[in-house]
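Chemist: Before we start, here is the structure in question, set down as structure tokens.
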Amino acid sequence: MKNVPLYLAGEFVQSQTNEWIDVTDPATNEVIARAPCTTDAEMRKAIDTAGEVFKTWKEVPVSDRARVMLRYQALLKEHHDEIAEILSQETGKTFDDAKGDVWRGIEVVEHAANVASMMMGETVENVARSVDTHSWIQPLGVCAGITPFNFPAMIPLWMFPMAIACGNTFILKPSEQDPLTPMRLAELFEEAGAPKGVLQVVHGSKQQVDVLLTDPAIKAVSFVGSVPVGRYIYETGTRNMKRVQSFAGAKNHMVILPDADKQHVINALVGASVGAAGQRCMAISVAVFVGEAQAWIPELKEAMAKVRPGAWNDSGASYGPVISPKAKDRIESLIATGEAQG
């Protein structure tokens, strides 16, 4: 059984914890790895290391930081399919869906490689008699990211490359349900030449998140996930004087106008409703037809009949399984409730 390591002070190390979380292949429910619940001492090391490394990393010229991102995006492209395969196995996503997850993250790393233009300050002369104004953009310090299970490549890559390119150090706490993909991202980041300690990766659940939200050394926290957790993170983080960016769950509705192209609408509706097994904020949960709705039903039923679930390595599958038996039970409960309510 593979134990997922921590990434502390530039080293991939085994946790000393006694608490582990199973990582499963959603297609088979086979346990493929175990993620550690990071100990308090290990959390302390991650935070202290990030704080110490920040003192020197913030002084590194922006052009040098950008070059790390240039090398990183090249490595991500080189290993694109490998990362997507890891991602597919631990999330259940089809391989094509997983490749899109990785690619959207690479786009952000490319953006981070152009960080120099984003770090420019401003100067305005003579805003008043004998008064000029100057502004500087400076790194904050230690930042943290808490990411969800549904995009284990894209969302971490939204966070740590930008923060680190701007001169901050970063602690990533990925979802405990699919930590293998973020660990591979960390390995490639090290290979790209990132100095030891600019990125730390820890694992766990609420206990580890609370450390990130309350420790005074951490200056900013970014989160993507559910509404209840997002609200908790925003309230707890801001109460502890942190800048908090909290993106919680969303609902996506499709409004279909009478003059819409029928085939285009049906393709979009089916794809958006079943992609990633519906486990994304952009999944269509409600379709509102303006005018006649019944005329769409036969062709919509025909299109849905062609949709086929399957394992991540099934090339003919339209979508894969949901992330866990618990998620499946919740979905079946919602369906039953909907049927009971007419």
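Position 200 (the sequence shown) corresponds to 514 in my numbering; numbering is contiguous.
Quick reminder that beta carbons are idealized off the backbone N, C-alpha and C, glycines included.
Computed from a predicted structure; not experimentally measured.
If you draw a straight line from the C-alpha of Ala-412 to the C-alpha of Val-345, how long is it?
Modeler: Cα to Cα, the separation comes out at about 20 Å.
Chemist: Mind checking Thr-352: buried by the 16 CB within 10 Å criterion, or exposed?
Modeler: Counting Cβ neighbours within 10 Å, Thr-352 comes out buried, since at least 16 surround it.
Chemist: Just reading off the alpha helix (DSSP H) that Thr-651 is part of, what are its end residues?
Modeler: It spans 639-654 - the alpha helix (DSSP H) in which Thr-651 sits, taken as one unbroken run.
Chemist: Can you name the start and end residues of the alpha helix (DSSP H) that Asn-581 belongs to?
Modeler: From DSSP, the alpha helix (DSSP H) with Asn-581 extends over 576-588.
Chemist: Over what stretch of residues does the alpha helix (DSSP H) that includes Gln-328 continue unbroken?
Modeler: Segment: none, Gln-328 is in no alpha helix (DSSP H) and carries neither H nor E.
Chemist: Compute the Euclidean distance between the alpha carbons of Asp-415 and Ile-361, then round it to the nearest angstrom.
Modeler: Going from the Cα of Asp-415 to the Cα of Ile-361 covers about 29 Å.
Chemist: State the DSSP-derived secondary structure class of Trp-334, mapped to helix, strand or coil.
Modeler: The answer is strand: DSSP assigns Trp-334 an E or B state.
Chemist: Which same chain residues, not among the five before or five after Leu-454, have their C-beta less than 8 Å away from its C-beta?
Modeler: So the list reads Asn-482, Lys-533, Ala-534 and Arg-557, once near-sequence residues are dropped.
Chemist: Could you tell me the distance, in whole angstroms, from the CA atom of His-567 to the CA atom of Ser-377?
Modeler: Answer to the nearest angstrom: the Cα atoms are 43 Å apart.
Chemist: For a quick check, are the C-beta atoms of Leu-499 and Pro-470 less than 8 Å apart?
Modeler: A contact, by the Cβ cut-off of 8 Å.
Chemist: Considering just the uninterrupted stretch of the beta strand (DSSP E) at Leu-614, what are its terminal residues?
Modeler: Counting along the chain, Leu-614 falls outside any beta strand (DSSP E), though it belongs to the alpha helix (DSSP H) covering 611-619.
Chemist: Tell me which same chain residues have a C-beta within less than 7 Å of the C-beta of Ser-599, skipping the five on either side of it?
Modeler: Closer than 7 Å at Cβ, skipping near neighbours: Lys-565 and Asn-566.
Chemist: Short check: CB of Ile-637 to CB of Gln-491, under 8 Å?
Modeler: In contact: Ile-637 and Gln-491 (Cβ atoms closer than 8 Å).
Chemist: Ignore the nearest five residues each way along the sequence and tell me which others in Ser-560's own chain have a CB closer than 6 Å to its CB.
Modeler: For Ser-560, where only same-chain residues beyond five positions count, the Cβ hits under 6 Å are Phe-537, Gly-544, Ile-547 and Tyr-548.
Chemist: Please give the ranges of any beta strand (DSSP E) in the stretch 420-486, keeping only runs that are unbroken, at least 3 residues long and fully inside the region.
Modeler: Listed in chain order, the complete beta strand (DSSP E) runs (minimum 3 residues) inside the stretch 420-486 are 436-442, 445-449 and 456-460.
Chemist: Under a three-way DSSP split, which group does Lys-533 fall into?
Modeler: In this structure, Lys-533 counts as strand in the three-state DSSP scheme.
Chemist: In angstroms with no decimal places, state the Cα-to-Cα distance between Ala-323 and Gln-514.
Modeler: If you take the alpha carbons of Ala-323 and Gln-514, they lie about 7 Å apart.
Chemist: Buried or exposed for Val-429, please, with buried defined as at least 16 other CB atoms from any protein chain shown within 10 angstroms of its CB.
Modeler: Label assigned to Val-429: buried.
Chemist: Tell me which residue opens and which closes the beta strand (DSSP E) that Val-515 is part of.
Modeler: Residues 513-515.
Chemist: Counting along the chain, where does the beta strand (DSSP E) carrying His-660 start and finish?
Modeler: With the chain covering 315 to 656 only, the question about residue 660 has no answer from this structure.
Chemist: Taking 8 Å as the threshold, find out whether the stretch 597-616 comes into contact with the stretch 370-386 through three or more Cβ pairs.
Modeler: No: the two stretches stay apart, fewer than three of their Cβ pairs being nearer than 8 Å.
Chemist: Tell me the rounded alpha-carbon separation between Ile-580 and Ala-619.
Modeler: C-alpha separation (whole angstroms): 12 Å.
Chemist: Exposed or buried, what is Glu-373 when buried is set at 16 or more other beta-carbons lying within 10 Å of its beta-carbon?
Modeler: It is exposed - the Cβ of Glu-373 has fewer than 16 other Cβ atoms within 10 Å.
Chemist: Among Pro-462, Asp-354, Ala-508 and Ser-629, whose alpha-carbon lies nearest the alpha-carbon of Arg-385?
Modeler: Comparing Cα positions, the closest option is Ala-508.
Chemist: To the nearest angstrom, how far is it from the Cα of Gln-577 to the Cα of Thr-552?
Modeler: Cα to Cα, Gln-577 sits roughly 47 Å from Thr-552.
Chemist: Output the distance between the C-alpha atoms of Gly-435 and Thr-405, rounded to the nearest integer angstrom.
Modeler: Between Gly-435 and Thr-405, the C-alpha separation is close to 42 Å.
Chemist: Could you check which residue in Val-588, Val-456 and Gly-585 has the C-alpha nearest to that of Thr-370?
Modeler: Residue Val-456 is the option with its Cα nearest to Thr-370.
Chemist: Examine the Cβ distances between the stretch 568-575 and the stretch 600-609 and report whether three or more of them are shorter than 8 Å.
Modeler: Cβ pair count under 8 Å is three or more, so yes.
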